[in-house]
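Taken in order, the sequence shown gives residues 3 to 288; the numbers are from this note's numbering. Cβ coordinates follow ideal geometry from the N, Cα and C atoms, glycine included. Here is the structure we will look at, set down as structure tokens.
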Amino acid sequence: MSSTPNNPHQSWGKRLLAFLLWSLFAAIFGLCGWFFMLKPVTTALGNWSLARDYQSVQGDVVPRTGQDEGGTFTWYSVRYAVGGKTYDTSRLSVLDDEAIDEPFNATVFKRLEQAKAAGQTVEVWVSPRLPDVALLSRDLPVSRLWPKALAGASFAIFALAGFAGMLGAFARFAWYGRLVEAAPMWGFAGAWCGFIFPVMMLVLSDSSIEWVPALFVGLFALVGVLVMWAAINITLGRATGVVLQPGRRLKAGALATSYGQGKKKAVNSPVKRGGVGGRGDNFDKN
Numbered sequence: 003m004s005s006t007p008n009n010p011h012q013s014w015g016k017r018l019l020a021f022l023l024w025s026l027f028a029a030i031f032g033l034c035g036w037f038f039m040l041k042p043v044t045t046a047l048g049n050w051s052l053a054r055d056y057q058s059v060q061g062d063v064v065p066r067t068g069q070d071e072g073g074t075f076t077w078y079s080v081r082y083a084v085g086g087k088t089y090d091t092s093r094l095s096v097l098d099d100e101a102i103d104e105p106f107n108a109t110v111f112k113r114l115e116q117a118k119a120a121g122q123t124v125e126v127w128v129s130p131r132l133p134d135v136a137l138l139s140r141d142l143p144v145s146r147l148w149p150k151a152l153a154g155a156s157f158a159i160f161a162l163a164g165f166a167g168m169l170g171a172f173a174r175f176a177w178y179g180r181l182v183e184a185a186p187m188w189g190f191a192g193a194w195c196g197f198i199f200p201v202m203m204l205v206l207s208d209s210s211i212e213w214v215p216a217l218f219v220g221l222f223a224l225v226g227v228l229v230m231w232a233a234i235n236i237t238l239g240r241a242t243g244v245v246l247q248p249g250r251r252l253k254a255g256a257l258a259t260s261y262g263q264g265k266k267k268a269v270n271s272p273v274k275r276g277g278v279g280g281r282g283d284n285f286d287k288n
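Quick look at the structure:
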């Protein structure tokens with residue numbers, strides 16, 4: 003007898019509701035995982051790859067002033083010359099985030115402040131193809147990217163589960179019954195990881211954070227990974243040997259009947275003996 007269930011949603015209304023819920027699940031984790039985690043990582047990797055052949059020139063630090071809601075603020079740009087022409091750049095790093103308060107950008111900005119105070123020039127990395135494209139650091143800030151990559155990968159798994167649920171809601175895929183069985187675990191894992199992974203991303207990307215809060219957040223993130231792994235195992239049918247179809251129940255007396263038949267078969271069957279490594283249900287019985 004096959005242990006593969008059919009679609010557990012027997013009515014079109016239930017299938018539509020399941021489709022909408024799985025779509026919401028996939029959209030939340032897919033969009034958040036891409037825009038806040040994976041997109042910054044892929045952008046930084048792409049910029050870093052392009053900047054590997056950038057040429058080094060020296061430039062002068064030029065102070066700039068601006069106005070915002072908090073009042074007047076100062077930032078720095080660097081003026082450099084290529085091919086007899088003068089250009090300015092204020093691009094600090096390969097990161098997608100150009101804000102000065104970003105920790106890695108703040109390190110580069112601090113170097114500009116020190117160079118300006120000392121009256122020194124700074125190194126600028128200029129594109130050999132477009133001389134007006136330059137940045138002040140072409141280093142890849144791995145410490146800023148790996149927490150986002152880890153969180154983004156987990157969010158991608160949740161989005162994939164949601165997308166699979168969208169497809170299975172209106173189809174009769176064999177695995178959809180297992181996915182529905184694991185839906186509560188997916189929901190709990192999504193709520194847990196959806197909160198703790200962004201926190202982990204912020205905490206671990208701060209190089210000045212002490213080890214105690216980092217360890218504390220890391221333990222919570224580990225719990226999230228384990229819960230997500232449990233949901234994956236249930237979906238793949240590894241948690242139990244037989245997957246029951248949701249909504250189906252055994253008839254009254256069926257369990258007792260099956261037990262009685264099995265017992266009778268055991269009594270009437272020939273005795274099987276075995277020593278070390280023996281086989282059979284009646285192993286070592288008289």
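query                                                                                                                          : result
Spatial distance of Met39 from Leu33 (CA atoms)                                                                                : 10 angstroms
Contact check, Val225 vs Val201, beta carbons under 8 angstroms                                                                : no
Straight-line Cα distance separating Ile30 from Ala120                                                                         : 49 angstroms
Buried or exposed by the 16-neighbour rule on C-beta atoms within 10 Å, applied to Glu104                                      : buried
Euclidean distance between Cα positions of Ser271 and Met187                                                                   : Per-residue confidence for Ser271 stands at a pLDDT of 45, beneath the threshold of 50, marking its modelled position as unreliable; the derived number appears in the next sentence. Looking at the two C-alpha atoms, the distance is approximately 43 angstroms.
Neighbourhood of Gly61 by C-beta distance below 7 angstroms, restricted to the same chain and skipping five residues each side : Val80, Arg81, Tyr82, Thr123, Val124, Val126
Contact belief for Ser145 with Ser207 at Cβ below 8 angstroms, rounded distance in angstroms                                   : 7 angstroms
Delimiting residues of the alpha helix (DSSP H) encompassing Gln60                                                             : That residue, Gln60, is in no alpha helix (DSSP H); its beta strand (DSSP E) goes 57 to 70.
Contacting residues, own chain, Cβ-Cβ under 6 angstroms from Gly264 (five flanking each side not counted)                      : Because Gly264 carries a pLDDT of 46, less than 50, the predicted location of this residue cannot be relied on, and the following value inherits that uncertainty. Contacts found: none.
Same chain, Cβ closer than 6 angstroms to Pro248, five either side skipped, listed in chain order                              : Any reading at Pro248 is ruled out, since the residue's pLDDT is 44, under 50, leaving its predicted position unreliable.
DSSP state of Leu147 mapped onto helix, strand, coil                                                                           : helix
Three-state secondary structure assigned by DSSP to Ser271                                                                     : In this prediction, Ser271 has a pLDDT of 45, which is less than 50 and means its spatial position is unreliable; what the coordinates show is noted afterwards. Three-state result, Ser271: coil.
Through-space distance from Asn235 to Gly262, alpha-carbon basis                                                               : At Gly262, the pLDDT of 46 sits below 50, so the modelled position is not reliable; the number obtained from the coordinates is stated separately. Looking at the two C-alpha atoms, the distance is approximately 33 angstroms.
Burial state of Phe37 (16 or more Cβ within 10 Å)                                                                              : exposed
C-beta neighbour in chain B for Cys195, strict 8 angstroms                                                                     : Among the chains of the structure shown, chain B does not appear; only one protein chain is present.
The alpha helix (DSSP H) enclosing Ala28, as first and last residue numbers                                                    : 14 to 35
Pairwise C-alpha distance: Asn107 and Leu94                                                                                    : 6 angstroms
Exposure label - Leu221; buried when at least 16 CB within 10 Å                                                                : exposed
Strand pairing of Leu137, partner residues [DSSP]                                                                              : Trp127
Distance between Arg17 and Pro215 (C-alpha atoms, nearest Å)                                                                   : 44 angstroms
Inter-residue Cα distance where the pair is Phe165 and Met203                                                                  : 25 angstroms
Alpha-carbon spacing of Arg113 relative to Gly73, whole angstroms                                                              : 24 angstroms
Classification of Asn162 by the beta-carbon crowding that lies within 10 angstroms, buried from 16 upward                      : The sequence shown places Leu at residue 162, not Asn. It is exposed - the Cβ of Leu162 has fewer than 16 other Cβ atoms within 10 Å.
Ala176: first and last residue of the uninterrupted alpha helix (DSSP H) it sits in                                            : Per DSSP, Ala176 belongs to no alpha helix (DSSP H) and is neither H nor E.
Option in Leu132, Ala151, Ile211, Phe190 with minimal Cα separation from Leu228                                                : Phe190
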